[in-house]
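Chains as they are written, first to last, in this note's numbering: chain A, 1 to 445; chain B, 446 to 1539.
We put the CB at the ideal spot given by N, CA and C, even for glycine.
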Amino acid sequence: MIKSRNFSAIALLGALSLSGCGDLLDVNNPNNLVEESVQLPAAAEGLVNGSLRAVSVAASNVWQGPAVVSDELYWTGSRDAWGQLDQGFIGDPLNEFTDGAFPSLGQATWMADYAVTVVEGHVGSGDAPASLLARAKLYRGMINLIVGESQEDYVFSDKQSSGTPVGAGNMKSVIESAIADFTDAMASGDADVALAAQAMRARAYMSAAIWDAINPSAGGCSLDTGAGCALDFGSAVADAGAVIGDVGLGSDWMFNITFSSASTGSGQHGNVNQRGENQWDPSLVESTGPGATARGDVALLDPYGSGADPAVAQALEQYGDDEFSALTMASERLMHLILAEDALNAGDVAGFETHINHIRVDIDGMPAYAGGASPVAGVADVVVALSHTRRANTLFQGLRLQDMYRWGLTDAKWQAASQAITSPGMMLPITVVECRANENVPDCG
Amino acid sequence: MTSSTSARLTSGLLRGGLVLALAAMLGWAPAPVAAQATGTLVGTVRDAASQRPLEAVQVYIGGTGIGALTNAAGRYLLLNVPAGEHTIVAEIVGYRSGSATVTVGAGQSVVQDFALDQTAITLDEVVVTGAGVATEKRKLGNTIATLDASTLDNAPIADFSQMIAGREPGVVALPSSGATGEGASIRIRGSSSLSQLNEPIIYVDGIRVDRSAVSLSGTGNPSRLDDIPPESIERVEILKGAAAATLYGTEASNGVIQIFTKRGRAGAPQFTVQADWTQITPNTSRIEPLADFIGRDCGSDPVDCADIASRMQQRFGISPAPYEVFEYDAVPEILGNGLGQNYSASVTGGSEAFNYFINGRYAYEDGIMDVESVFPQVDGISPEVDTNRRAGITSNFTIIPSSQVRIGISTLFSDLEQHTPDNGNNIYGVFSSMLMGQLRRATPQAETGPGSNYFGAPTFGTTREFTYQLNNAKSSHFAGSTTIGYTPTDGFRLDGTFGIDFTSDDRVFGRPYRYDVDDFTNASIFGDRTVSEDRSREITADLKGSWVAMFGDNIENTLLFGGQGFLRQRQSAGGGGSVFPGPGLETLSALANDGASESWLRVTQLGGYLQDQVGLNDWIFATVGGRWDANSAFGTDFETAFYPKASISIVPSQGLDWRNETFSTFRVRAALGRSGLQPGAFDKFTTFNPAPSEVGPGVSPANLGNQGLKPEVSTEWEVGTELGLFNDSWSVDLTYWNRSVQDAMVARQFPVTGGFTSSQLVNIGELAGNGIEASVRGTLFQSEGLSVNVFANTAYLNEEIVSLGGAPPLKTGGSYPRYRNYLLEGYAPGQYFGAVLANVPIPLNILTPVGGECVVPTSAEALDYFSVPRSPSEFKPLAIGNSGFGTPNGGVASNNCGSGLLQTDMGKPNADYTGSFGFTAAFAQNFELAANFDYKWGGQTQDLSGMFRRANAVIGRNTPLSSRLFATMMDPASSAQERLDAAISWAENIEGLAPMSGMNGIYDANLIRFRELSLTYRVPSSIVEGWGLSTATLNFGGRNLALWMPGSDYPGMDPETNVIGRCNGGLNCNFLQGTEGWALPLPRRFTLSTRVTF
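Given below as structure tokens:
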């Protein structure tokens, strides 16, 4: 029989064992940084770099959906949720691909905002340079612009605190917040950041005007007459002109999001170039090969008889054949398009032709566009010139679907019941992954 | 010879499983015996029914300290038996003991044979797992299942997974796939966690071992448990839940499996050599042939159709009309008979002071994938094979330096090489590629070259190209332990076990440079390679003591105390990238794009326990105890966990004046206990991942963090009874259990717009489960030369998620819509939800929405719509569903009229009933026939690959029915009514993909599988002795011989396979076991075995 002193000895032994082993229970996590470390000034640059990465991932993921809905990509693979998008069903919050892309958007908007908040503190205390804050604001502006352009509605949350939806009718405010960030970033003193920010601001002003045109009701334009097809881009004009001045006319300057094996790949390019779920629309590039996934010659021809549009060929080359191809956010070409459209809107046809020809002649080496008889029966020549040049020169930049909406263009694969037909102007919804977790967003499935 | 009921010893230390200790003590018998006039006793102990020699029977002369164990031939030898009359006893668990009175004369050698009758009830069997100290089962109030490996010597099993499958109610081994080397997942009493791995923890000879899968691409993942050669296993003990596993504390709520390897036996070396040859035969009986019509590509264009028809003539020998459906059974062409080989040898022997057991094994299996015979070889590039090679050696050494000290040393080393062609739910899989075949795209040439498409790959790449993808692993596994037992005084014992389990995995996935030999695939055509190196280390330190004391004549008290420490550390490093500069290069350093990764985790667990058991008159036993645990994974707001237990066992048939032979044994028992499950190693931290950007190193949000994390606690109670009937020739075992998991960790998804997109573990859930386990076994018939023993068991399982603590429903597969398993309050874990077809005459959505709703067309509208050829892509089935889980509202669910409404209850993946039944028949003295059938009843399975094959526009619509319906709808010669009828049939039988508009591929999946059949011939001893052998057996076995699905219309290939394979945790791993997708059906296996001992 065991005696009571044995119990005491055992208890003591146990207590000593556990107390002596306390250190064993302290386990660090060398795989990740804890938040306290991220908030140190020494980590500020990594935080801002991380913001860029998040923005890059989000752009590549989120732009896929509208690209498939529009006439940029079409579905060739096995997963028919892409087919749904291809048929114009853009508003399904359960669509696996838009739902799969949405978290990257959520991470990017939070990360960009977090980086600005943390770095602002460091700059205020003199522990970080203002240029770093400028970069942080540039990236926040970029992701908010992507949100404003691509989303029908959105919500900004903070960790476990659910935000409330911005509202479909208020999404222009997200673009305007991007404009404010770009403005701040331009004042950084870092020439490259300032240039990128100014180009992005030009795009943001342009997108705000386009948002007006397709929301809340899509007025659209008349391809027959050209009426309403050009928009007043207002403040975008000055920015576009300044950017062209900085980069030099005909330089074909681009502000790109880039990818590599050292950082991350592009989801969109992985799906197209590797998996083959989607492919360039046959109206852009001919499909060849047994799997209909190999690309042949450029199919989008210059409406003025110069053969295959070199802008598409250039985009095709940029698109490459792997998952590390760049995405263009802003370019000299886009600046010219802004200036051209604004001129057209003001009735300055000569100005319109000038900027169209900066692209055709100065950048692409094509014959000049001189107006005249329309190459498309029943459609105003300037409209043809504008719509074609915008399509060829803004490929895979997250702009095509909005242009199709505002010009009343439809894709042959859109079904009559699809939102692209029944609700022109509709962009990506808040998807089920958010609405299930966020009590402020109505249940969407 | 007489038979008698076993005389029970009071000390658990001296029973059944501790026969070695007894033998050791007997060996230390007093020296003066030798000085007396003595003789010798020899004999053979056999199974009375089958006449099979029984090994390890304890034969002794009571009161003399003389005893021995029988060898493999059933022989025993007692030396130095004092002259005179003696009662000699033969005992082994599972048999009635035999006794005989013999007279031994000085210098005589007396022969005394025994034939023992089997008993169906084994309450005297000694177990140690969960009891802390060697204890007879009858003293424990909880269930503990034991598996005596010697009873499976003749079963057609190749690995541990097969060894435990279908043996014990409530213990389910899920085979996952027919891929060579695939390990099974193990579930005990369903799911005790919503977020953590639901596998039991595994011990081998007292130390915890790695239970993970070796993760390859797709399925085909080997299980670490299969590193342990079945030939080296003596027995397995299984604790089914918290009531039994309390002493194992945190991590034990899924149950505990402890494997005991064979120990040495004193005596001259005894060798056992075994060789197995297995033919592995593909089972394609449930795979529908490919079907197609060429009009899908050429429409009615006569020129194009003539071209395709000509190609079909060359490829398949037919020249089909545009809308003529033709079939070709292509899938079996890449499958062929595989071959498995297994060679094992073991030796045991030694003296009373030192004995040993050593086993070596080499197993090699070449599976059923057989692409080499279809495609001509290509220089410089070879297809991945499906092979599994395991070589291993186990050893056990027992050293007894004194009567007070006993030292055991155990080692296990296993070396594995596994190759598996890319497979599973994977567009690059070889088998899945075959299932996607589009006959009209097939080309006649099997040779490589642009345009070669021998099986009509629709996209992604040709089957041949995918065969070149590398997917293999090389693994090593070492487990070593030392156990020191010290018995300072009678009844007091201290044990220390120290050991390490180390695994090393090197995994490779890659594509060679320009493997696109058919110029088809676009995926990484310049090659890619991913290398992963995982090192896992589990260290166990276990100290325990027991004190057995008698209080008077009637009360026995057993006090148990102990402490344990576990340290688990896993390091992973790897790299990957793409684009080789040229052929022949196979290293990361040759890649143009590459990246590296590294991770590390460590979990430390420290615990202690105290338990006391009181036995009254050796038939009433009460046990109370508890365990304290600290764990490095707990949050800082939580320090230790306490898990109590209590149980009672009453054996009236032993304690009362019990003379009923009909109810010969009767026991009732009850147990209550708790155990836990820890969070992930780093889930308590708020963290940021390394996330390099194009302008420099960066970070991104990773884990939200929760410093309040604590273990989820499983509380389980069970009551049960065991009945021995007809003098214990039959037994009935009944158990009811009830489990409640509090503070269940839910992987809660917070708003992704909050930045942290990964789910976060929070202790907010509650999970309930209960079940009944019943088994019956006994001797159905016994006569001279023939005996038939039968068994049957069943486990009923009922589970419910009581609460998710306000978290939103969790869906498997994330945004992937076709995985339909959810975690939802009020339902079983992994419940299926979807939409169902509207019960209307024309369930088709062909009209433009009116007011946002789809409209049921009139007959006239439908006939008008189908007055022209229609593709199924142009319309959708008209389906209804629920907008709130479990809230019927009959809303229309089709992507053409909105979205959502996919929340109708469709069943659950875990069957209500699982179990097995079978028989063993011994006949003609030396033959034995055994069969084992598994079954599942009352659950559903999702046929994911079938859904794709039936409905997908690009990679499917290639089953005979879908092709016929499709062709009818597209054929200009069809009438409107024919097209309409085809469309309705399409809606009812075919459509099932995103957005799951009415068909979800979920079916009742009752099944009975003819799992095992074996016929054994034991060469008579008169013959084998002439060969210089002790025993020789020849065995022919079959496995997975037949599958029946009564009452089910399941159309899939094999409902026992699944998309997830053997896996390592997470929502999908836990709850996608009921989704079949692209996995090879389980093949039939026919094994010829020989085993000899000498």
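Pairwise C-alpha distance: residue j and residue i
{"i": "ALA476/B", "j": "GLY507/B", "result": "Bear in mind that the predicted position of ALA476/B carries a pLDDT of just 39, short of 50, making it unreliable; the figure below should be weighed with that in mind. ALA476/B and GLY507/B: Cα-Cα distance of roughly 18 Å."}
{"i": "PHE1539/B", "j": "PHE799/B", "result": "21 Å"}
{"i": "VAL654/B", "j": "TYR801/B", "result": "22 Å"}
{"i": "ALA1366/B", "j": "TYR693/B", "result": "39 Å"}
{"i": "ILE1400/B", "j": "PHE1079/B", "result": "47 Å"}
{"i": "ASP1388/B", "j": "THR1520/B", "result": "6 Å"}
{"i": "TRP1431/B", "j": "THR1413/B", "result": "11 Å"}
{"i": "PRO1417/B", "j": "ASN1290/B", "result": "22 Å"}
{"i": "THR515/B", "j": "PHE559/B", "result": "11 Å"}
{"i": "ALA551/B", "j": "LEU524/B", "result": "11 Å"}
{"i": "GLU679/B", "j": "TYR1448/B", "result": "41 Å"}
{"i": "ASN1341/B", "j": "PRO93/A", "result": "Confidence at ASN1341/B is low in this model, with a pLDDT of 48, below 50, so its placement is unreliable and no value can be given for it."}
{"i": "ASP348/A", "j": "ASP342/A", "result": "8 Å"}
{"i": "GLY512/B", "j": "VAL850/B", "result": "21 Å"}
{"i": "LEU33/A", "j": "GLY901/B", "result": "49 Å"}
{"i": "ARG201/A", "j": "ALA1398/B", "result": "43 Å"}
Range of the contiguous alpha helix (DSSP H) that encloses residue i
{"i": "VAL57/A", "result": "44–62"}
{"i": "GLU464/A", "result": "Shown here, chain A extends from 1 to 445; a query on residue 464/A therefore has no answer."}
{"i": "ILE356/A", "result": "349–357"}
{"i": "THR1131/B", "result": "Careful: THR1131/B lies outside any alpha helix (DSSP H) and carries neither H nor E."}
Residue j beta carbon less than 8 Å from that of residue i
{"i": "PHE102/A", "j": "GLU434/A", "result": "yes"}
{"i": "ILE646/B", "j": "GLU682/B", "result": "no"}
{"i": "LEU561/B", "j": "ALA535/B", "result": "yes"}
{"i": "ILE698/B", "j": "GLY1070/B", "result": "Looking at the sequence shown, residue 698/B is not Ile but Ser. Against a cut-off of 8 Å, the Cβ pair of GLY1070/B and SER698/B comes out as no contact."}
{"i": "PRO674/B", "j": "GLN759/B", "result": "no"}
{"i": "PRO1528/B", "j": "MET1498/B", "result": "no"}
{"i": "PRO601/B", "j": "SER1459/B", "result": "yes"}
{"i": "THR532/B", "j": "LYS685/B", "result": "no"}
{"i": "TYR74/A", "j": "ASP281/A", "result": "yes"}
{"i": "GLU1245/B", "j": "TYR1277/B", "result": "no"}
{"i": "ILE338/A", "j": "PHE233/A", "result": "yes"}
{"i": "SER1390/B", "j": "LEU880/B", "result": "yes"}
Presumed contact (8 Å Cβ cut-off) between residue i and residue j, rounded CB distance
{"i": "LEU1452/B", "j": "TYR1380/B", "result": "6 Å"}
{"i": "LEU568/B", "j": "THR1110/B", "result": "7 Å"}
{"i": "SER794/B", "j": "GLN715/B", "result": "It is Gly, not Ser, that sits at residue 794/B in the sequence shown. Confirmed, Cβ separation roughly 6 Å."}
{"i": "VAL1191/B", "j": "VAL1207/B", "result": "6 Å"}
Residue interval of the beta strand (DSSP E) (run including residue i)
{"i": "ASN1062/B", "result": "First-last for ASN1062/B: undefined, no H or E at that position."}
{"i": "GLN724/B", "result": "712–726"}
{"i": "TYR1181/B", "result": "1175–1193"}
{"i": "GLU1163/B", "result": "1157–1170"}
{"i": "GLY1022/B", "result": "1000–1023"}
* Counting only runs that start and end within the segment 905–939 of chain B, where is the beta strand (DSSP E) found for 3 or more residues in a row? -> Within the segment 905–939 of chain B, complete beta strand (DSSP E) segments of at least 3 residues are found at 915–934, given in chain order.
* To do: Counting only runs of 4+ residues fully inside the segment 1243–1329 of chain B, write out the alpha helix (DSSP H) ranges in chain order.
  => Segments of the alpha helix (DSSP H) lying fully in the segment 1243–1329 of chain B: 1304–1310.
* Which parts of the segment 542–622 of chain B are runs of the alpha helix (DSSP H), unbroken and 4 residues or longer, counting only runs that do not cross its ends? -> With a minimum length of 4 residues, the continuous alpha helix (DSSP H) runs that stay inside the segment 542–622 of chain B are 605–609.
* Of all the alpha helix (DSSP H) runs that stay within the bounds of the segment 1453–1490 of chain B, which reach a length of 4 or more residues? -> The segment 1453–1490 of chain B contains these whole alpha helix (DSSP H) runs: 1466–1469.
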